[in-house]
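One structure below.
Numbering (the working numbering), first residue to last: 63 to 1197.
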């Protein structure tokens, strides 16, 4: 105890007892500029919190104090680490004199004393036994390393800097006195092994930073040893006459001294590694594990002679399997620092062969940053170790260029570029073997290598993703459009020659070239790929515009030649048709009318020659871009487009011929193909451009009437006619604000809309499925567009434009969805369609369902019709779950109450159908859902309300009100206790009880009591089990709610006892049931007012004379306190 007294007398805390207590607060000290005299007046902990400016001077002062009285200074340093752990307690010390004391280990305790309210930590930090005492209730779990805010975020780096500065300043003096470091290492080792997170985290960080600082000291000692040895060798080379023996002895003694110090430092490092790292690298806290791996990687890189061995590398390999991504990331980053140094590679051979498979698998890590860094590590390995990765490994890694995450795909593109597209491709056969000194020889070889990879990857529909992945590293090759066009304009190779490209390779070159042009014009915006960057910088925008202008200037004179050469290949020319969409109007050659005329001539020839849907779609888009009024190409492209459409319209009218005049239009068999081709072209152009001026509606609408009456049109012709006519109606609706200048035109447009809907309704009963589907989609599109026009139409102008689908049409739409979308699983299982066909069929059905749901969301159909499709929520969740959930969410945003009624209607209809099947005595058919499936559907519906119960309070109240009324409809209280026929519906309704607020549960229970009666509420007959189950779901809380039925079964027959036992302990039951609870004297005025308002509001709801509907209307329409979260101890509701 004598040592304890002496230590306290010399400590900083004891010297400044009149200023501060030893319990240091964690609050931020005042920011002020401190001079040297001011720094002496604060503790070490406060110096660290002030920043790095005062750290150097304070460490120097502490070293002087240590040289004067090392026990007092060391105790201050110990208190510093305790305070940095967030401990607000008191540190006491007692001297430990005998190392052989057998009772030392018995004194090392860490326990709680609940009687005194204190927490103890006693441990050995030789030569002291330290005891830390702090209150239990002040241990909030927060400490400086985990506190939020910019100030505390800097604390970690400042704390680490203090440890580094301390070791750096002590490395020439006190670090080798066998006292400071022994005590400090013992202290950090003991505290890092504490079960208290704050001690363990902080002292582990301090110990790791201490070891890192010792590594720096060891490196400086090694440099000193090397320099002294060189000096010793120089002295030895001198002649014997000039050789000074005393000088050699001094140098030798210095070398020996430095070597001894290095051995001592290495022993300290070994003690810290074994005492702290080996215990904490598997710590339960992921931050500590990540910290250990980060420091280990730095030790291996800086002190490779000690740490870069297999015995240390194994920890890095093991922790790459950690379940937390931060730990895996630190391991990968640490390994990157090792593989980048060629001198360290020989020591990594065994590790590389052992953990190569794990590194490759980490490229598929669920954490994107870990996957990217693992790919970068593999790039370093491939560059430094040629034989480590096999061709199969490279093939697996190359496929990541198609990844949905752009950072990972770009990194994989760097690997692909370095291995296949570098100056020395891996496959020498791909290089041009000719001796011509052509500057395009090497780029052509790289392009051939790229085409070979693209062909072997067998993902030909994803070339844009490949180009996007290679754009940053191989942009020069992909922007070399002169190389692409030169290769394409060459003649295809003949068999047995090696000049030029084959036809298959030419098609691939076209795809890659068009994808690179799209990348240059539009940037890295691809569907399904997360780019990680939303806004382009000014420099990136300028580069994109420059590339687009260069593209336009170069390709405008070349594109007609390409179109002419590949005009007979529809797939290749369809890709070439996309190029005009990437033209820039401000390019230097944009106003060259002669080049544009030649291009339009070739485009017209291609469109006249082919009727492929993809080609026509791209051609229509290109014409739309060229015909925009703000472009310099509009004066030439517009008339060319108009002439082309006029030619097709005249041809179609001539093909129909006399049949249009005889009021019985029909298509001759020999003219069917030509009519279909012309319709495809008109439909493709009419989709994106307004062709109403050519009278396509008047020309084609009679064909639908003939097909409905006589069925003389081919199915494909009928489909195209429906599409073209629907486009005409859509364009009329879109331009109605400009074209409707009189009431007569408005009435004519409404009549046109009505006639078209009637014809589509007739087509819904067509024998061919594709005709029915097209009629349904056309009908949905037109009705949705009409609903949008109603929102912007002014009925005061020329009369109403309103068209409401009649009930017959609405029922036909619903029947169509039920028959063609929600088909049975048995049909799918017995059909002999391939997997690709099933996926296409599923995609088509999803489109139909989405179109129907749009009608409900936009208000074309009644929201109640959604109940008919919500019935299939469970059965078809895997196929249409996302569409149905989005429909439910959108309807809830429009009208919460009506959306809730839809859910109630859906459940009640399913329940009634099941009840009807059971009452009939037969087995349930396949279309009838079981009771358990209906209950599960109700549970899924309740989950859609989320956790914000306040927003859904009124909706949930309405669901329970309607459910209770449905269950007890026609029920009359009588002594015979006949159960209502729909009582089992309450079991389904109980799935929504968990979403009610506790005050609302009590109100629902009171309403249930009024509807069922006291006699039914208190009965325990098995016929009333659904009521008992539902009642328990309303009254049970917490753990009781896990098994409501067992909760009820142990209940007494007295209803008042049940109500009292179901209350939370925080709610005191007042004997005055109708009187509001009196506020306590210590209650604040605001809380008392809230309590009185809430109590009064709920009293009004629970008035016995009020009818049930009035009760629930009050609940659903009340405002103010009823819409706020009401705590249990604020409101006491009488049940």
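Cβ coordinates follow ideal geometry from the N, Cα and C atoms, glycine included.
Cα-Cα separation, residue i to residue j
i, j, result
"residue 24", "residue 849", "What is shown of the chain runs 63 to 1197, which leaves residue 24 out entirely."
"residue 676", "residue 635", "10 Å"
"residue 456", "residue 440", "10 Å"
"residue 789", "residue 821", "15 Å"
"residue 279", "residue 204", "34 Å"
"residue 225", "residue 275", "8 Å"
"residue 911", "residue 748", "25 Å"
"residue 249", "residue 327", "18 Å"
"residue 778", "residue 615", "42 Å"
"residue 432", "residue 232", "39 Å"
"residue 428", "residue 924", "43 Å"
"residue 474", "residue 221", "39 Å"
"residue 669", "residue 662", "10 Å"
"residue 142", "residue 360", "26 Å"
"residue 332", "residue 426", "36 Å"
"residue 1060", "residue 135", "60 Å"
"residue 1070", "residue 1041", "15 Å"
"residue 480", "residue 829", "58 Å"
"residue 547", "residue 571", "9 Å"
"residue 956", "residue 1030", "31 Å"
"residue 160", "residue 191", "Caution applies to residue 160, whose pLDDT of 47 falls short of 50 and renders its modelled position unreliable; the model cannot decide the point."
"residue 357", "residue 435", "18 Å"
"residue 213", "residue 206", "10 Å"
9 Å Cβ cutoff met for residue i and residue j
i, j, result
"residue 396", "residue 363", "yes"
"residue 539", "residue 624", "no"
"residue 843", "residue 793", "no"
"residue 106", "residue 137", "no"
"residue 563", "residue 554", "yes"
"residue 1096", "residue 1074", "no"
"residue 1208", "residue 972", "This structure does not reach residue 1208, given that the chain is present from 63 up to 1197, and the question cannot be answered."
"residue 640", "residue 684", "yes"
"residue 648", "residue 607", "yes"
"residue 1092", "residue 1065", "no"
"residue 263", "residue 350", "yes"
Opposing strand residues paired with residue i [DSSP bridges]
i, result
"residue 592", "467"
Cut-off 8 Å between Cβ atoms - residues of its own chain near residue i, not counting five sequence neighbours on either side
i, result
"residue 1018", "962, 1007, 1011, 1054, 1057, 1058, 1062"
"residue 831", "882"
"residue 917", "842, 845, 846, 875, 923"
"residue 466", "590, 591, 592"
"residue 941", "904, 907, 908"
"residue 323", "238, 283"
Own chain residues within Cβ distance below 7 Å of residue i, not counting five before or after
i, result
"residue 334", "247, 269, 272, 273"
"residue 163", "Because residue 163 sits at a pLDDT of 47, beneath the cut-off of 50, its placement in the model cannot be relied upon, and the following sentence gives the value as read from the coordinates. Cβ within range, chain order: n/a, list empty."
"residue 293", "313"
"residue 619", "657"
"residue 990", "975, 976, 979"
"residue 949", "915, 918, 919, 928"
Contact set for residue i: own chain, Cβ-Cβ below 6 Å, skip 5 residues either direction
i, result
"residue 746", "678, 679, 682"
"residue 413", "375"
"residue 958", "1017"
"residue 1103", "Bear in mind that a pLDDT of 41 at residue 1103, under 50, signals an unreliable position, so the model cannot answer this."
"residue 740", "710, 713, 714"
"residue 1033", "1042"
Residue i Cβ short of 8 Å to the ligand MN heavy atom set
i, result
"residue 384", "With respect to the ligand MN, the structure shown offers nothing to examine, as it has no ligands at all."
Please list the segments of the beta strand (DSSP E) lying wholly inside the stretch 313-398, counting only runs of 3 or more residues, in order along the chain.
Correct list: empty.
Taking only runs that begin and end inside the stretch 665-699, name each unbroken beta strand (DSSP E) of 3 or more residues, in chain order.
Taken in chain order, the whole beta strand (DSSP E) runs of length 3 or more contained in the stretch 665-699 number zero.
Curious, which full-length alpha helix (DSSP H) runs of at least 4 residues does the stretch 1038-1084 contain?
Listed in chain order, they are 1047-1051, 1060-1074, 1076-1080.
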